[in-house]
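In the working numbering, the protein residues as written are 4 to 87.
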């Protein structure tokens with residue numbers, strides 16, 4: 004039987020970090036632009052909800068990676084603690 008290769012956790016964590024950083028930068032830029040140019044408050048709420056959605060997605064992906072590593076550690080798999 005062939006086993007599935009381990010998921011690329013490092014790549015997913017880099018993606019999560021990039022999403023969090025870009026979300027905060029875009030959210031700050033939209034709030035600044037909205038205040039500067041007098042946009043209606045509805046646009047600020049849209050930016051807030053989009054940022055919350057991106058951050059919830061990041062939290063869920065991080066939680067899945069953590070759970071996957073935790074289950075690998077309990078089974079003695081490659082996700083376990085590293086020996087020094």
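Glycine is no exception: its CB is placed at the ideal position from the N, C-alpha and C atoms.
The structure displayed is predicted, hence computed values, not measured ones.
Helix, strand or coil for residue i? Go by DSSP, reduced to three states.
i          : result
residue 41 : coil
residue 11 : coil
Is it buried or exposed for residue i, if we count other Cβ within 10 angstroms and need 16 for buried?
i          : result
residue 50 : buried
Do you know offhand how far residue i's Cα is from residue j's?
i          : j          : result
residue 13 : residue 65 : 11 Å
residue 19 : residue 55 : 14 Å
residue 40 : residue 34 : 10 Å
residue 87 : residue 62 : With a pLDDT of 48 at residue 87, under the threshold of 50, the predicted position of this residue should be treated as unreliable, and no value is reported.
residue 27 : residue 53 : 11 Å
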